[in-house]
Each structure stands twice: as C-alpha cells, then as structure tokens.
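Okay, structure first, notes after.
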Amino acid sequence: FLPNPISRPTRENKNPPLGRCKLCRSFNIDVKNPRIFSAPNDTLFGFSVLQHDSRGEKSLLVGAPWDGPANNRKGDIYKCIVGKERNSKCSKMNLGQRTPTCFSFSSSLLTTTPSPPPPLCLSTPNGICASVSDDLEPREAIAPTSQRCSTYMDIVIVLDGSNSIYPWYEVQNFLSNILSKFHISTEQMQVGILQYGEVAVHEWSLKNYQTTQEVVEAAKNISRQEGRETRTAYAIHKACTEAFSPERGAREGATKVMIVVTDGESHDGEELPDALKECEDRNITRYAIAVLGHYIRRQQDPETFISEIKYIASDPDDKYFFNVTDEAALNDIVDALGDRIFTLEGTLGYNESSFHMEMSQIGFSTHTLDDGILFGMVGAYDWDGGVLKEGIYGRVVPSREAFESEFPLELKNHAAYLGYTVSSVIVGDWKRLYVAGAPRFKHKGKVILFELSDDGDVNIAQALNGEQIGSYYGSEVCGMDVDQDGITDLLLVAAPMYLGSGNKEAGRVYIYSFTGVRQLLHLFFSIGIVFVPNGTLISEEKAQDARFGYALAAAPDLNHDGFTDLVVGAPLEDEHKGAIYVYHGDGIYVNPHYKQRIPGSSLSPSLQYFGRSVSTRLDLDGDELIDLAVGAHGSAVLLSSRSIVQINVSLSFQPHSINVIQKTCQRGGRESACLNATACFTTVSRSPGPHSNSFDLWVSATLDDRKLSARAFSLKTAVRTTCARQTWCYRLTWTSRDRGPDECPLVSGMSLLGSERRLCFPHRQKPYVIRSPRRRLAVEVQLENRLENAYNTSLTLHYSRNLHFSSLSIRVDRTKMPANIFRTSLDLTSN
1 FLPNPISRPT RENKNPPLGR CKLCRSFNID VKNPRIFSAP NDTLFGFSVL QHDSRGEKSL
61 LVGAPWDGPA NNRKGDIYKC IVGKERNSKC SKMNLGQRTP TCFSFSSSLL TTTPSPPPPL
121 CLSTPNGICA SVSDDLEPRE AIAPTSQRCS TYMDIVIVLD GSNSIYPWYE VQNFLSNILS
181 KFHISTEQMQ VGILQYGEVA VHEWSLKNYQ TTQEVVEAAK NISRQEGRET RTAYAIHKAC
241 TEAFSPERGA REGATKVMIV VTDGESHDGE ELPDALKECE DRNITRYAIA VLGHYIRRQQ
301 DPETFISEIK YIASDPDDKY FFNVTDEAAL NDIVDALGDR IFTLEGTLGY NESSFHMEMS
361 QIGFSTHTLD DGILFGMVGA YDWDGGVLKE GIYGRVVPSR EAFESEFPLE LKNHAAYLGY
421 TVSSVIVGDW KRLYVAGAPR FKHKGKVILF ELSDDGDVNI AQALNGEQIG SYYGSEVCGM
481 DVDQDGITDL LLVAAPMYLG SGNKEAGRVY IYSFTGVRQL LHLFFSIGIV FVPNGTLISE
541 EKAQDARFGY ALAAAPDLNH DGFTDLVVGA PLEDEHKGAI YVYHGDGIYV NPHYKQRIPG
601 SSLSPSLQYF GRSVSTRLDL DGDELIDLAV GAHGSAVLLS SRSIVQINVS LSFQPHSINV
661 IQKTCQRGGR ESACLNATAC FTTVSRSPGP HSNSFDLWVS ATLDDRKLSA RAFSLKTAVR
721 TTCARQTWCY RLTWTSRDRG PDECPLVSGM SLLGSERRLC FPHRQKPYVI RSPRRRLAVE
781 VQLENRLENA YNTSLTLHYS RNLHFSSLSI RVDRTKMPAN IFRTSLDLTS N
C-alpha cells in the first residue's frame with residue numbers, strides 16, 4: 001500500500017506512531033513468501049542469477065562456477081523451474097561436461113532478445129562463450145581469442161631412473177604433486193611418462209588415462225628402472241618420435257610439452273643435437289630439470305652437467321631451465337613449473353609465448369548489444385585488460401594502444417583490469433557509447449565511455465575516476481533510462497570496497513546524470529563531458545562491512561509509476577548475511593534514499609552473502625509484475641512483487657450525535673445508545689494484471705485507540721453498528737458567593753467525536769446570564785463515570801471573555817470513587 005501522506009514525519013511530528021512508521025517504510029516486494037533454491041555451498045551456486053523465459057516456461061538460471069569433481073571443477077548452470085509448487089528444485093544442466101570449457105567460471109550469464117536464444121557465457125582463462133538453444137542445449141561455442149583451451153596440451157615426462165637417483169620415493173612425490181596440478185581430460189591435458197637409464201620404457205602413453213586422479217595414482221606405482229648409464233639423448237629422441245605419435249594418443253593442434261628430469265650427464269651426449277633437432281621439427285617445447293644431489297653427495301663440480309641441461313631446455317633458460325639441490329627439493333619447484341606450463345599459448349608456434357590474449361578471460365563480463373555482444377577481457381595485455389566486440393559484422397578487437405590516452409603504456413604492468421565490467425549507454429541523437437570499468441587503475445579505479453568503430457578504432461568520450469585507493473571503483477556499472485524514452489539518464493558506478501566509518505568496507509554507489517543538451521553533444525565530446533556527478537546513493541548508516549554496490553540492476557518498473565527503478569546488492573551487511581536495497585526512479589533521476597531494504601536474515605537465517613548477484617527483468621510467477629532474483633552463497637532467492645493500491649477512506653455516522661438519555665438498542669440485556677458507522681473504501685491501482693485489485697483489507701475500529709480493545713471490520717461488510725457502551729452523567733452547578741446555587745437543568749446533550757465527549761446546552765439560543773454583586777463567580781463541576789474504566793480523562797471549561805480565571809480546587813469524594821468534583825473560581829470583570 002502507498003503510505004498515507006498524513007503519516008509522514010513532519011517538523012511538529014518527528015516521531016510518528018510505530019504503526020504509521022512501519023507503513024512509511026513498507027514497499028511492494030513480498031518478503032514473507034520467498035522462494036529459496038539451494039545447492040551445495042562448495043559449488044558457489046548463486047554466484048550469478050538470470051531470469052529466463054523459454055516458450056512460456058519461466059525459470060531461474062543460476063551459475064555454479066565451482067561445480068564438479070575436486071580435480072576437474074568446470075562449473076555448471078542450474079535451471080530452477082518457477083511453477084506453482086513452492087518447493088520446486090533445481091536441475092543441473094551439465095553444460096560443464098557438454099561444452100569445451102576449461103576452467104569454467106560461470107561468472108556471467110548473458111541474455112539476448114528472445115530470438116536468437118540466449119548464449120550463456122562461461123569465463124575461462126582465454127575465454128569461451130557457450131551458446132545454447134532455447135531449451136539450454138549446447139550449440140556452437142563462441143571463442144573469440146582461442147579455439148582451444150590454453151591447456152590443450154600433450155605432455156610427456158622423460159624421467160631418469162638410473163642408479164644414481166636416490167631416494168626414489170622423493171621422485172614419486174614430485175610426480176604426484178606436479179600431475180595433481182594438471183587438468184587431465186580429452187579437451188585439456190594428456191600426460192605420458194617415459195622412464196630411461198640404459199634403455200627407455202613407456203610407463204604409460206598419452207591416451208591411457210583420462211582424469212587427474214588416475215595419473216596421480218599411476219605415478220605412485222612407478223618403480224625405478226635402474227641402470228649404470230644415463231642415455232638422455234636416446235630417451236629424448238624416442239619421446240619425440242614415439243611418445244608424441246598419434247598411435248600413443250597425441251592430438252592434432254595440442255601444444256607439445258616435454259619435461260626432462262635427470263641427475264647426471266648423458267652417456268650419449270654426442271647424439272643430443274640430432275635428438276633436439278627432432279624436437280624442434282615437431283614444435284615440442286622442452287623444460288629441463290637438473291637434480292644436483294648425486295654431484296653434491298660426491299662433492300663434484302656440476303658445471304658441465306648444468307650446461308648440458310640448459311642446452312636441452314628451450315630458450316630462454318630463465319623460463320625453461322630448473323636446477324634443484326637434491327631429489328627432495330624437486331617438490332620446491334612444483335608450483336613454479338606448473339605456472340610456467342600454464343602460461344604457454346597453445347595456438348602459437350614453437351618457443352613462442354605471449355601475454356596478450358592467453359589469460360584474457362573473455363566472458364568474465366558481457367553486455368548484450370543490438371548487433372552483437374560486448375566482452376570484457378580483464379586478463380588481456382598483462383592484465384591491463386581490454387574489450388572485444390563480437391557482432392553480426394565480424395569481430396572487433398581494439399589494440400592495447402587504442403586506450404593509451406587513458407591507460408598509459410608505462411603503467412601496463414599495473415593490472416588495471418579494464419573490462420572487469422562492460423555496458424553501454426544511449427546519449428543524445430541516439431548515439432551509443434560503450435562503457436568499461438577498470439577497478440585497479442592506479443589502485444583507485446576508472447570508468448571510460450568510448451566509441452568503437454568496426455575496424456577497432458577507439459574514441460574515448462569521457463573518463464570517470466575513483467577517489468579512494470582500494471575502493472574498486474568501476475567494478476560494477478549500470479545505465480538507467482529512468483523515464484523510458486530510450487535515452488540513458490543516469491550512469492551508476494559502484495565502489496563496493498569503499499572504506500566508510502570504522503574503517504569498514506561499506507561501499508559506495510556514485511550517481512552521474514546525463515548532461516541532456518543534445519545539440520551540444522559534439523562540444524561535450526571535445527571536452528570530455530557526457531555525464532556529471534550528481535551525488536551518491538544512501539544506504540544503512542552504521543559501521544559495518546557491506547560492499548554496497550557489489551551488484552547493480554535496473555528494474556523496468558517495480559512500483560508502477562512509469563519510471564525505471566534500481567536494485568543494489570550489499571552481500572556483506574549484517575555479518576555477511578547480506579541485504580539488497582530498492583530505489584525509485586523519479587523523472588530523469590533516482591531518489592537516493594532507499595524505499596525498501598531487504599536483509600537476507602529476514603528471509604532465512606541460513607542465507608549468507610545475499611545480494612552478490614541480482615536479476616530483475618521478468619515476471620516469473622505469472623502475475624504480470626516484475627520479480628527479483630537474488631544470488632547468495634549456495635542459494636538463489638526469488639522475491640515476488642505485489643500490486644500497489646492506493647486506498648481512500650471516508651467515514652460517516654448516523655446519527656451525528658448521541659443522546660445518552662435516549663436508548664435506541666440493547667446490548668448484553670442493557671438499554672444502550674447506539675449509532676451506525678459507515679466506512680467506505682475507494683481503491684486506485686496502476687498495477688497490471690487481472691489480480692491487481694485483489695487484496696485482503698482489515699480495518700479495526702476502537703472507541704479509544706489507546707487502551708480499549710479493537711472491534712474488527714472486514715471489507716466484505718462495509719457497514720457495521722457499534723454501541724457507545726460508556727454511560728456518562730454530567731451535572732453543572734453555578735454558585736455565587738452571596739446566594740445559593742443557581743438553578744440549572746441537568747445537561748442532557750452530548751456529541752461523540754472520536755473518544756472526545758463535548759457537553760452541549762439544550763438552549764443555545766437563550767444563554768444564561770449570571771450576575772454577582774461581588775463580581776466573583778464560583779463554578780462547581782461534578783464528573784462521574786458509572787460503568788467502565790476511563791483513561792486519560794480530561795475536562796475543559798470554556799467561558800466568555802469578560803471572565804478571568806482566578807483559582808482551581810479539586811475535591812475527591814473517597815466514598816464515591818471514581819466521582820470527582822472540580823471547583824473553579826472566576827473573576828467577573830464586566831456585565
């Protein structure tokens with residue numbers, strides 16, 4: 001219900017009654033009947049949410065980026081049907097197993113127009129957007145930067161098993177540790193092992209094992225071959241020609257990697273040049289590890305041995321060569337070796353590596369356009385970041401230098417994370433500007449608005465800068481067309497880690513308004529002004545971690561006033577239980593004071609990080625009202641909107657006053673004075689749908705709203721009769737000091753106005769004229785209640801202007817309680 005204007009606090013009434021205050025804070029998002037969908041917390045279910053409509057079937061899609069077995073967490077999407085049953089469950093779509101994803105992150109769920117069906121973007125190290133049909137069946141994958149995972153590798157470990165290797169279990173530990181880091185599958189890594197001494201033996205081939213767990217277990221069972229000679233050249237040649245052959249499972253297009261582990265000089269060193277040339281001809285990248293334990297134990301100089309191992313390794317040495325003091329120290333290089341292998345770009349040639357697109361993570365952020373999709377490449381160009389447009393006219397990839405005016409190349413190693421979030425706005429003359437956030441730029445963050453041509457040229461229209469180090473300004477942006485005329489009115493920029501009072505990550509959301517002067521748009525572009533600062537949103541004012549602004553979503557219209565509204569997530573509020581805020585659009589602005597705050601704890605005590613993601617664009621429950629989908633840790637919550645109805649009330653009584661002497665009815669066997677009260681309710685609703693005017697209305701009526709119990713009215717019975725149960729007796733006695741009481745009839749008239757009783761003289765046309773020679777008048781009033789308790793009773797005496805108040809005395813007759821007698825003296829100043 002809309003709050004009654006009279007219940008709003010005023011300067012005279014800063015603290016309205018509790019019941020009215022609750023009405024002031026109410027709103028139409030239903031928090032009493034949430035639908036909560038859950039999955040195991042370790043899947044990160046709820047990291048992203050998306051409302052989905054497929055041929056009339058309404059559902060909620062939920063990203064779970066950590067779903068899958070511990071050694072192969074590809075992530076997945078869950079589909080939660082929103083039907084009549086409130087306890088419906090979610091089904092895993094198994095997209096992680098059916099699409100060629102690598103380290104699926106499922107961080108971005110992207111929807112387009114109903115035709116074609118929406119693609120779901122799963123962020124991977126180099127980026128894959130898995131396009132699916134309307135019923136979520138996988139179709140072709142959109143992989144702008146690479147058609148293969150960067151970990152699409154065939155790896156062969158050439159392992160020295162001669163007598164000098166000691167102790168052997170340390171070598172087994174090394175194998176288990178490094179293999180546990182590899183993502184073994186037909187779409188990612190395959191591993192084979194060739195052990196050698198005097199002879200070389202294939203322990204297993206590339207195609208033998210399909211999971212990480214299988215190769216780790218196999219490594220534990222490898223026994224040492226032994227042998228007095230170390231024929232390294234022979235083993236390398238055999239690995240190049242046999243281990244990497246299609247017969248043993250080598251795959252076309254896979255990056256070929258060899259890891260050579262040995263503890264001594266080869267006995268066939270003269271054959272090394274030919275063996276290494278064979279590797280080069282087959283584009284095999286070689287990592288070489290020198291184990292110095294044998295030399296150290298014998299106190300021998302390993303210089304010649306080290307030179308040979310560097311010769312075996314690919315160039316440069318500082319990337320492909322390792323040396324360790326002994327077999328136990330092999331485990332110290334596991335992380336470094338794994339990291340270097342993962343940075344190889346699978347699509348490049350021999351010995352080439354790059355930090356351009358191999359870790360771009362396209363799909364981390366996405367934005368739907370009329371003519372395609374805008375991708376954020378947060379990891380591109382050494383994590384400086386970038387953007388990419390995949391459109392109907394082809395692919396547009398701006399170079400690193402395209403953004404140099406706002407992201408100087410000398411700061412390229414600062415990891416600005418451009419593309420952490422992407423969006424677009426429509427400004428004057430229907431010009432589209434792209435928006436990209438870089439929350440780590442100079443540690444304060446930046447947002448840029450730019451044009452992007454089909455050939456990749458970039459024209460930066462405006463740059464907005466953060467104000468506080470570490471605030472992550474620009475990690476989330478949201479454009480709002482408040483008045484829904486097609487032109488973007490506001491740009492919201494979040495800084496969720498902004499430190500507030502108490503040095504807490506309170507978060508802040510900045511409001512920028514469009515300048516609005518379309519005819520001068522060319523001037524704004526020339527001086528870089530498109531949006532101007534216009535304040536910040538106001539959230540709960542208390543010192544706490546909140547990360548207010550972690551998620552932003554524009555809602556088409558929640559309160560049916562014709563303006564776009566805004567939902568903001570604060571997942572760390574209330575000790576990480578989380579909350580969301582609803583703000584109303586107004587004209588071409590947004591009211592910075594929230595209209596509804598929904599804490600996660602009010603929906604379920606088990607919710608955590610409620611507000612980490614938000615989707616509010618569809619009606620899922622069929623009432624033609626926009627619903628809210630909110631992600632939490634291990635949960636997704638669907639909140640329904642309720643109709644907004646304005647109610648006008650009129651109240652009339654018959655008769656208009658009560659004569660307490662004239663009894664008109666009986667109540668409880670007693671003659672009473674009764675009246676008819678008629679309450680009329682008129683409703684006005686702008687809500688759509690056939691049920692917009694269907695609601696329950698209960699009205700309570702009391703004779704004394706402070707103490708007496710309520711009598712309930714229902715909307716179905718609009719007229720009820722109630723009885724004034726209190727029977728009062730009033731007697732006035734006028735006395736002058738020089739004579740006895742003046743004759744005055746018993747006052748028999750009384751009017752009822754709320755809980756206030758007013759005495760009415762029966763002969764108002766002929767008022768009494770009282771004279772006194774001593775010019776002193778005494779008035780004695782006796783007030784008696786003969787039936788029920790009365791609370792906060794007051795008595796008011798009105799007199800003409802020619803009388804002045806002199807004194808007041810109260811006499812209480814203890815034998816006739818609760819009757820009270822008030823004696824008042826008045827001075828008579830004129831006749």
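Position 655 of the sequence shown, counted from 1, bears residue number 655 in the UniProt record's numbering, the numbering being contiguous throughout. Idealized CB from N, CA, C, for every residue including glycine.
Mind checking Leu808: buried by the 16 CB within 10 Å criterion, or exposed?
-> On the sequence shown, position 808 is the one that residue 808 refers to. Per the 10 Å Cβ criterion, exposed.
Go through its chain and collect everything with a Cβ distance to Ala546's Cβ below 6 Å, but skip five positions before and after it.
-> For this step, residue 546 is matched to residue 546 along the sequence shown. If we look at Ala546 and ignore the five residues flanking it on each side, its Cβ neighbours are Ala506, Gly507, Ala570, Leu572, Glu573.
Grouping DSSP H, G and I as helix and E and B as strand, with all else coil, what is Arg400?
-> Residue 400 sits at position 400 when you count from the first residue of the sequence shown. Reduced to three states, the DSSP call for Arg400 is helix.
What are the complete beta strand (DSSP E) segments, minimum 3 residues, inside the stretch 552-577?
-> 565-570
Rounded to the nearest angstrom, how far is the Cβ of Ala461 from that of Leu490, given a contact under 8 Å?
-> As a position in the sequence shown, residue 461 is number 461, starting the count at 1. As a position in the sequence shown, residue 490 is number 490, starting the count at 1. Their Cβ separation, rounded to whole angstroms, is 16 Å, which puts Ala461 and Leu490 out of contact at 8 Å.
Reduced DSSP secondary structure (H/G/I, E/B, other) of Ser809 = Counted from its first residue, the sequence shown places residue 809 at position 809. Note: Ser809 maps to strand in three-state DSSP.
Cβ-based burial, Leu194 [other Cβ within 10 Å; buried from 16] = Sequence index remark: in the sequence shown, residue 194 carries index 194 (1-based). It is buried - the Cβ of Leu194 has at least 16 other Cβ atoms within 10 Å.
Counting pairs of beta carbons, one from the stretch 262-281 and one from the stretch 237-245, are three or more of them closer than 8 Å?
-> yes
Cut-off 7 Å between Cβ atoms - residues of its own chain near Asp619, not counting five sequence neighbours on either side | The residue you call residue 619 lines up with position 619 of the sequence shown. Closer than 7 Å at Cβ, skipping near neighbours: Leu625, Ile626, Asp627.
Compute the Euclidean distance between the alpha carbons of Leu777 and Ser800, then round it to the nearest angstrom.
-> As a first step, residue 777 is located in the sequence shown; it is residue number 777 there, counting from the start. As a first step, residue 800 is located in the sequence shown; it is residue number 800 there, counting from the start. Their Cα atoms are separated by approximately 13 Å.
State the DSSP-derived secondary structure class of Asp619, mapped to helix, strand or coil.
-> As a first step, residue 619 is located in the sequence shown; it is residue number 619 there, counting from the start. Three-state result, Asp619: coil.
Do you know offhand how far Ser131's Cα is from Ser365's?
-> The residue you call residue 131 lines up with position 131 of the sequence shown. The residue you call residue 365 lines up with position 365 of the sequence shown. Their backbone Cα atoms lie some 15 Å apart in a straight line.
Using the beta-carbon count (16 or more within 10 Å), is Phe610 buried or exposed?
-> Within the sequence shown, residue 610 is the residue found at index 610, counting from 1. By the 10 Å Cβ count, Phe610 comes out buried.
Going along the chain, which residues of its own chain have a beta-carbon closer than 8 Å to the beta-carbon of Asp301, five neighbours each way excluded?
-> Reading the sequence shown from its first residue, position 301 is the one you call residue 301. Correct list, in chain order: Tyr295.
Thinking C-alpha only, which one of Val447, Asn331, Gly419, Ala218 is nearest Gly192?
-> Mapped onto the sequence shown, residue 192 falls at position 192. Comparing Cα-Cα distances from Gly192 to each of Val447, Asn331, Gly419, Ala218, the minimum goes to Ala218.
For my contact list, Ile309 and Ala290 are in at a C-beta cut-off of 8 Å; report their separation, rounded to the angstrom.
-> Within the sequence shown, residue 309 is the residue found at index 309, counting from 1. Within the sequence shown, residue 290 is the residue found at index 290, counting from 1. Yes, they are in contact, since the Cβ atoms of Ile309 and Ala290 sit about 4 Å apart, within 8 Å.
Buried versus exposed call for Phe805 [16 or more other C-beta atoms within 10 Å across all chains shown] = As a first step, residue 805 must be located in the sequence shown, where it is residue number 805. Exposed, because fewer than 16 other Cβ atoms sit within 10 Å of the Cβ of Phe805.
Assign Lys74 to buried or exposed, taking buried as 16 or more other Cβ atoms, counted over all protein chains shown, within 10 Å of its Cβ.
-> For the purposes of this step, residue 74 is taken as the residue at position 74 of the sequence shown. With 16 or more Cβ atoms within 10 Å of its Cβ, Lys74 is classed as buried.
Under three-state DSSP, which class holds Ser115?
-> Residue 115 sits at position 115 when you count from the first residue of the sequence shown. Bear in mind that the predicted position of Ser115 carries a pLDDT of just 36, short of 50, making it too unreliable to give a figure here.
Cβ neighbours of Cys723 in the same chain (closer than 7 Å, five flanking residues each side left out) | Stepping through the sequence shown from its first residue, residue 723 is reached at position 723. Unreliable positioning characterises Cys723 in this predicted model, as indicated by a pLDDT of 28, which lies under 50. The coordinate reading is nonetheless provided below. Excluding positions up to five away in sequence, the list reads Cys665, Arg667, Ser672, Cys674.
Where Ala218 falls: helix, strand or coil (DSSP) | Residue numbering aside, residue 218 sits at position 218 when the sequence shown is read from its first letter. Ala218: helix per DSSP, three-state reduction.
State the Cα-Cα distance for the pair Gln484 and Phe182, rounded to the nearest angstrom.
-> Position 484 of the sequence shown, counting from 1, holds the residue named residue 484. Position 182 of the sequence shown, counting from 1, holds the residue named residue 182. Roughly 51 Å separates the two Cα atoms.
Would you mind giving the Cβ-Cβ distance between Ala495 and Gly549, rounded to the nearest angstrom? I have them listed as a contact below 8 Å.
-> Within the sequence shown, the letter at position 495 stands for residue 495. Within the sequence shown, the letter at position 549 stands for residue 549. Their Cβ separation, rounded to whole angstroms, is 7 Å, which keeps Ala495 and Gly549 in contact under 8 Å.
For the alpha helix (DSSP H) that Asn648 lies in, which residues bound it at each end?
-> For the purposes of this step, residue 648 is identified with residue 648 of the sequence shown, where counting begins at 1. Not the alpha helix (DSSP H): Asn648 falls in the beta strand (DSSP E), residues 645-654.
Where do the ends of the alpha helix (DSSP H) carrying Asp76 lie?
-> For this step, residue 76 is matched to residue 76 along the sequence shown. Unbroken run through Asp76 is the beta strand (DSSP E), 76-81; no alpha helix (DSSP H).
From Glu575, Met377, Lys595, Val590, pick the residue whose C-alpha is nearest to that of Val582; which is it?
-> The count along the sequence shown starts at 1 and reaches residue 582 at position 582. For Val582, the nearest C-alpha among the options comes from Lys595.
Go ahead and pull the three-state DSSP assignment for Asn163.
-> To locate residue 163, count along the sequence shown from 1; it is residue 163. DSSP places Asn163 in coil when its eight states are reduced to three.
Using a Cβ-Cβ cut-off of 7 Å (strictly less than) and excluding sequence neighbours within five positions of Ser91, which residues of its own chain qualify?
-> In the sequence shown, the residue the question calls residue 91 occupies position 91. So the list reads Tyr78, Lys79, once near-sequence residues are dropped.
In the structure shown, what three-state DSSP assignment does Trp383 receive?
-> Locating residue 383 in the sequence shown gives position 383, counting from the first residue. Residue state, collapsed to three classes: helix.
Residues bridged to His593 [DSSP beta-bridge criterion] | Numbered from 1 along the sequence shown, position 593 holds the residue referred to as residue 593. Answer by DSSP bridge pairing, in chain order: Ile538.
Between Ser635 and Gly46, which are expected to be in contact by the criterion C-beta below 8 Å, what is the C-beta distance as a whole number of angstroms?
-> Within the sequence shown, residue 635 is the residue found at index 635, counting from 1. Within the sequence shown, residue 46 is the residue found at index 46, counting from 1. That pair is a contact at about 5 Å.
Mind checking which residues open and close the beta strand (DSSP E) that includes Gln190?
-> As a first step, residue 190 is located in the sequence shown; it is residue number 190 there, counting from the start. Counting along the chain, the beta strand (DSSP E) containing Gln190 begins and ends at 189-196.
Report, in whole angstroms, the separation of the C-beta atoms of Val590 and Ile580, which I expect to be a contact under 8 Å.
-> As a working note, residue 590 is residue 590 in the sequence shown. As a working note, residue 580 is residue 580 in the sequence shown. The Cβ separation is near 15 Å, so there is no contact.
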